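Student: Input: one structure, supplied below.
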Amino acid sequence: MKTSLFTMTVSDTFHLEDGRTVFVGPIEAEAKAIPPCDCEILVGDEIKASLRIDGEEIPKGKKTPDRSISTSQRIDLAGYGIGRSGFQIRSKA
Numbered sequence: 011m012k013t014s015l016f017t018m019t020v021s022d023t024f025h026l027e028d029g030r031t032v033f034v035g036p037i038e039a040e041a042k043a044i045p046p047c048d049c050e051i052l053v054g055d056e057i058k059a060s061l062r063i064d065g066e067e068i069p070k071g072k073k074t075p076d077r078s079i080s081t082s083q084r085i086d087l088a089g090y091g092i093g094r095s096g097f098q099i100r101s102k103a
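Sequential numbering of the sequence shown, starting at 11, is according to my numbering.
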């Protein structure tokens, strides 16, 4: 089964004590929930890094337009010249 393509425009990033990184922002996708998949981090049209997403974090309670996905992969955003927001994560085709 092919993973549905999605693109998230990251509005904030959180590094959790358990080592996971959570990305928050609006997602354009066909899928109702984002499964684990290989992704790319883009700034503009330039691919800056690759990472494995563990899937979507489903929030309990208040519904917002923003969604969140997480990775347990260590990623040094600053090392790629990326801040906490203003970039995109896109699933690999």
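C-beta: ideal position from N, C-alpha, C; glycine also.
No experiment lies behind these values; they were computed from the predicted model shown.
Counting only runs that start and end within the segment 71 to 96, where is the beta strand (DSSP E) found for 3 or more residues in a row?
Tutor: DSSP runs (the beta strand (DSSP E)) wholly in the segment 71 to 96: 77 to 81.
Student: Taking its Cβ as the centre, do 16 or more other Cβ atoms sit within 10 Å of Thr-81, making it buried, or is it exposed?
Tutor: Translated into the one-based positions of the sequence shown, residue 81 becomes position 71. Answer is buried; the Cβ neighbour count reaches 16.
Student: Please state whether DSSP places Arg-30 in a helix, a strand or coil.
Tutor: As a first step, residue 30 must be located in the sequence shown, where it is residue number 20. DSSP places Arg-30 in coil when its eight states are reduced to three.
Student: Which word fits Arg-77, buried or exposed, when buried means at least 16 other C-beta atoms lie within 10 angstroms of its C-beta?
Tutor: As a working mapping, residue 77 is identified with position 67 in the sequence shown. With 16 or more Cβ atoms within 10 Å of its Cβ, Arg-77 is classed as buried.
Student: At a Cβ threshold of 9 Å, is Glu-67 touching chain C?
Tutor: Absence of chain C from the displayed structure is noted, only one protein chain being present.
Student: Taking the alpha-carbon positions, what's the Gly-35 to Gly-93 distance?
Tutor: Locating residue 35 in the sequence shown gives position 25, counting from the first residue. Locating residue 93 in the sequence shown gives position 83, counting from the first residue. Taking the straight line from one Cα to the other gives about 14 Å.
Student: Just to confirm, is the Cβ distance from Ile-68 to Ser-60 under 9 Å?
Tutor: Here residue 68 is taken as the residue at index 58 of the sequence shown, counted from 1. Here residue 60 is taken as the residue at index 50 of the sequence shown, counted from 1. Going by C-beta atoms, Ile-68 is not nearer than 9 Å to Ser-60.
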